[in-house]
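Take a look at the structure set out below.
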Amino acid sequence: MSRRKLLLTGALIVLVGAFFWFDLGRFLSLDYLKQRQAGFEALYAERPLQVIGAFFAVYVAVAALSLPGAAILTLAGGSIFGLVVGTVIVSFASSIGATLAFLASRYVLGDSVRARFAQRLAEIDKGVAKDGAFYLFTLRLVPLVPFFVINLVMGLTRIKTGVYYFASQLGMLAGTVVYVNAGTQLAQIDSLRGILSPGLVGSFVLLGLFPLIAKKIVDVIQGRKVYAKWAHLKPKTFDRNLVVIGAGAAGLVTSYIAAVVKARVTLIESHKMGGDCLNYGCVPSKALIRTATLVRQMKHSADYGIARVDATFSFADVMDRIARVVREIEPHDSVERYTGLGVDVVQGYAKVVNPWTVQIDLGEGRMQTLTTKSIVIATGAMPFVPPLPGLDEVGHLTSDTLWGLRELPKRLVVLGGGPIGCELAQSFARLGSQVTQVEMLPRVMVREDEEVSALARAALEADGVRVLTGHKALRCVKETGPDGDRKFIVLDHAGTELRVEFDQLLCAVGRVARLKGYGLEELGILDPNKPSRTIETNEYLQTIYPNILAAGDVAGPYQFTHVAAHQAWYAAVNGLFGTFKKFKADYSVIPWATFIDPEVARVGLNEQEAKEKGVAYEVTKYGIDDLDRAIADSAAHGLVKVLTVPGKDTILGVTIVGAHAGDLLAEYVLAMRHGLGLNKILGTIHTYPTMAEANKYAAGEWKRNHQPKRLLEWVGRFHAWRRG
Ligand SMILES: Cc1cc2nc3c(=O)[nH]c(=O)nc-3n(C[C@H](O)[C@H](O)[C@H](O)COP(=O)(O)OP(=O)(O)OC[C@H]3O[C@@H](n4cnc5c(N)ncnc54)[C@H](O)[C@@H]3O)c2cc1C
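Quick note: the sequence shown, position 588, residue 577 per my numbering, numbers continuous.
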């Protein structure tokens, strides 16, 4: 705590302490007020300005210090100054005092409370940013929550001071008038309780609910407004309860859930069932990684006690195996399977023509039109190709076209240092390509902590990848010479140009949502004046039309198959039952992995995010180089890094680098999801010898760092005493 903060806290404690020590509360009682009423009135008649000033100052101090007595002072305001002047004075004094208490709470407690409960407060902040003034107004209007509590709690949120002041003054006005008015009849009042009869409190409650009800009405009116343009096209009856566009992870799961709950659902896919994950993403890339790992192990067979292994292979065979793997998994996502599950699957290109109608281009000039109560857009994302001069002339690969290669590129440039770029760069290097990986930023996998990025880079370089971070691609150049065409990419590194020759260039610089060509612009779901990276949705995954929802890569904020499937549940349920009950998509515990070797897996916060968000944390690390199973497998490298709440075993986030890190992470995902701390992981038996023991050892490391040292010293003395 800073000196100033310490001084202020001390001053506040002294002032509040003095109030109670000197029993100043006796001057803020109904009896005292009644006794001195005549005297106060006479004084006011004699010196009105001084009395108003003194009264104002006392009121502000009482409210600012959250002392009991504001109600009595409000009555006094009525009895001394009358209804109008009393109301004005009390209204300003109470609002200023409340705002000072709010500021004191923010200044003194804000940082420490924020550091401890940053994530929870972030959620509250979001609500406050959206509806803060409304809620505050309601709380002020309904005199059920003590006002000093409101001041102290609101100080911990990010509500603006000006908003706080005005919402408070407005919200407290009705109550102020009632009390000041009662003060004008002071002689008839026997107790404070009598002022607010149950009937009056009830009226306040109704008044308090009014803004909320009004807001709901405004929401409905706004909802009607977006539909107004289309209202004449709204069908009387609907062909479907739900139409889902796109049969990737998001669309498949959405339609499956809809079918399970007996909705009539149509799933439309314009290309391949299974979407990107099955056909161009997770599945082929992991199949490639497996073969590349095998080649690497064969090349390094000496590590396993085998002098040499001949790793002769044809790249075309490798690609054939990948295609076989995809084919083997295809039935899981096939038209037949989903039809069997009760989903009506249509192969065609869908376009949303109005909020309740989807038109499907079935090819060969055939069209089908379906009306539907709700629509889920699950059209995914596609590789982003940067507008590099010369790129068209040299040609390029993306994750969409890569899988058609039949020859191993001799020299491959991978543009992009993110997870996809790293996975593919390492695999091609292991298979024998000379790989140059280019990343504009200072390190690869920038979302991870620096030490994790460094481990990833070391792993890539160990496999022969030339990693050029801090290099910006400027242009591509094709030169025709006597030996044929030569292709180069020109890079800028700190003002110096560098040329890298290549046979193939792979763009892996990110993926952009598929947004164009199927009606989003016409419906106004995409704002023409605001370039969008994804479809904008609310927390229920609804677009500006509550019956049109989006899930998966097209909606973001994550681009993973398991997140697409997770969102699918919300999209299906909110799409089908949202009129009655909606669920906010929960992103509190999202895991992911990058399948380089060693794998990098994460759930929750890492250090750099904790710092960005101002979350206080402790770090515990366990080095996997020490793990028996890892040593036996010649995979003794990597770490488990756990972030916990200071002084507690509550897990904020985990990063694992090591063999099978993606699998190891599951235990921590479960723990975070269900609020289990490190003590619970430590108290769980882990099979010996497994990689999973790394999780337990990390928990053990945390425990060692949190031993009750004092107690153990005493226990040591006890044993010494027992030994005699
Ligand atoms: C190389 C690579 C590796 C990856 N590895 C992993 C990984 O290891 N783990 C992981 O979790 N994620 C991984 N991903 C990401 C993962 O593939 C995506 O997050 C996932 O596919 C998203 O699913 P989706 O349903 O949102 O979209 P998609 O799978 O893209 O499906 C969208 C579907 O919509 C169809 N469509 C689009 N417009 C229309 C229309 N108008 N009418 C009809 N159909 C339409 C498309 O044809 C497509 O089939 C990887 C991606 C790539 C490229």
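Here a beta-carbon is modelled for each residue, glycine too, at the ideal position from N, C-alpha and C.
**Study point:** Distance, residue 317 Cα to residue 232 Cα
**Key:** Each residue's Cα considered, the two are about 28 Å apart.
Check your understanding: Where residue 285 and residue 308 are concerned, what is the direct C-alpha to C-alpha distance, given to the nearest angstrom?
Key -> Rounded to the nearest whole angstrom, the CA to CA distance from residue 285 to residue 308 is 17 Å.
Review point. Near residue 417, which residues of its chain fall below 6 Å by C-beta distance, leaving aside the five closest residues on each side in sequence?
Key: Once the five neighbours on either side are set aside, the close Cβ partners of residue 417 are 401, 424.
Review point. Just to confirm, does residue 505 get its C-beta within under 7 Å of one of the non-hydrogen atoms of ligand 1?
Key: Distance from the C-beta of residue 505 to the nearest heavy atom of ligand 1 is not below 7 Å.
Review point. For residue 663, does the count of other Cβ atoms within 10 angstroms reach 16, so buried, or fall short, so exposed?
Key: When all chains shown are included, residue 663 counts as exposed.
**Study point:** Buried or exposed (CB count within 10 angstroms, at least 16 for buried), residue 39
**Key:** Taking a 10 Å sphere around the C-beta of residue 39, we find fewer than 16 other C-beta atoms and assign the residue as exposed.
Exercise for review: Have a look at residue 262 and residue 272 and give me their C-alpha separation to the nearest angstrom.
Suggested key: Rounded to the nearest angstrom, the two C-alpha atoms are 13 Å apart.
Point to revise | Boundaries (first-last residue) of the alpha helix (DSSP H) holding residue 689 | key: DSSP places residue 689 inside the alpha helix (DSSP H), whose first and last residues are 682 to 694.
Review point. Would a C-beta distance cut-off of 8 Å place residue 388 and residue 372 closer than the cut-off?
Key: Yes.
Check your understanding: Alpha carbon to alpha carbon, how far is residue 334 from residue 227?
Key -> Those two C-alpha atoms are separated by around 17 Å.
Practice item. Report yes if the C-beta of residue 545 is less than 7 Å from at least one heavy atom of ligand 1; otherwise report no. Key: Incorrect: residue 545 has no Cβ contact closer than 7 Å to ligand 1.
Point to revise | Beta-bridge partners of residue 477, as assigned by DSSP | key: DSSP, once it has assigned bridges, lists 466, 490 as partnering residue 477.
Review point. Excluding five sequence neighbours on each side, which residues of the same chain lie with their C-beta closer than 6 Å to the C-beta of residue 588?
Key: So the list reads 582, 650, 651, once near-sequence residues are dropped.
Point to revise | CA-to-CA distance, residue 145 to residue 99, given in whole angstroms | key: Cα to Cα, residue 99 sits roughly 5 Å from residue 145.
Check your understanding: Apart from the five residues on each side of it in sequence, which residues of its chain come closer than 7 Å, Cβ to Cβ, to residue 315?
Key -> So the qualifying residues of the chain are 267, 268, 272, 273.
Point to revise | Assigned secondary structure, residue 295 (DSSP; H/G/I helix, E/B strand, else coil) | key: Three-state result, residue 295: coil.
Check your understanding: Would the C-beta of residue 549 count as close to ligand 1, meaning under 7 Å from any of its heavy atoms?
Key -> Flag set: Cβ of residue 549 near ligand 1.
Check your understanding: Between the region 358 to 366 and the region 294 to 313, are three or more C-beta pairs nearer than 8 Å?
Key -> Contact annotation: the region 358 to 366 does not touch the region 294 to 313, with fewer than three C-beta pairs closer than 8 Å.
Review point. In terms of residue numbering, what span does the beta strand (DSSP E) encompassing residue 591 cover?
Key: It spans 588 to 593 - the beta strand (DSSP E) in which residue 591 sits, taken as one unbroken run.
Check your understanding: Does the Cβ of residue 214 have 16 or more other Cβ atoms within 10 Å, making it buried, or fewer, making it exposed?
Key -> The residue is exposed, with fewer than 16 neighbouring Cβ atoms inside 10 Å.
Point to revise | Beta-carbon proximity of residue 5 to residue 54, cut-off 8 Å | key: For residue 5 and residue 54, yes; Cβs fall inside 8 Å.
Practice item. Using only the heavy atoms of ligand 1, determine whether one of them is closer than 7 Å to the beta carbon of residue 260. Key: Yes - ligand 1 has a heavy atom lying nearer than 7 Å to the Cβ of residue 260.
Point to revise | Residue span of the alpha helix (DSSP H) that contains residue 558, given as start and end | key: Here the alpha helix (DSSP H) through residue 558 covers 550 to 566.
Practice item. Go to residue 610, then tell me how far its beta strand (DSSP E) extends in each direction, as first and last residue. Key: Residue 610: member of the beta strand (DSSP E) spanning 607 to 612, first to last residue.
Review point. Using CA coordinates, which residue listed in 535, 456, 551, 441 is at the minimum distance from residue 363?
Key: Scanning 535, 456, 551, 441 for the CA closest to the CA of residue 363 turns up 535.
Review point. Got a sec: does ligand 1 put a non-hydrogen atom nearer than 7 Å to the Cβ of residue 499?
Key: Residue 499 Cβ: outside cutoff for every heavy atom of ligand 1.
Review point. For residue 219, which three-state DSSP category applies?
Key: Three-state DSSP puts residue 219 in coil, outside helix and strand.
Review point. When the Cα atoms are used, what is the spatial distance from residue 42 to residue 118?
Key: Roughly 36 Å between the two C-alpha positions.
Point to revise | Contact test: residue 461 Cβ vs ligand 1 heavy atom, cutoff 7 Å | key: No.
Point to revise | Which of helix, strand or coil DSSP assigns to residue 408 | key: Three-state DSSP puts residue 408 in a helix.
**Study point:** Option in 375, 454, 399 with minimal Cα separation from residue 412
**Key:** If you compare the alpha carbons of 375, 454, 399 with that of residue 412, the shortest gap goes to 454.
Practice item. Go through its chain and collect everything with a Cβ distance to residue 351's Cβ below 7 Å, but skip five positions before and after it. Key: Correct list, in chain order: 337, 357.
Practice item. Let me know the secondary structure DSSP gives residue 261 once reduced to three states. Key: Coil.
Exercise for review: Any chance you could list the beta strand (DSSP E) runs of at least 3 consecutive residues sitting entirely within the region 268 to 356, in chain order?
Suggested key: The qualifying runs are 333 to 336, 338 to 343, 346 to 352.
**Study point:** Residues of its chain near residue 716, where Cβ-Cβ distance is below 6 Å and the 5 sequence neighbours each way are ignored
**Key:** Because the chain here runs from -10 to 713, residue 716 falls outside it and cannot be looked at.
Check your understanding: Is it true that the CB of residue 538 sits closer than 8 Å to the CB of residue 550?
Key -> With respect to residue 538, residue 550 sits apart: the two C-beta atoms are not nearer than 8 Å.
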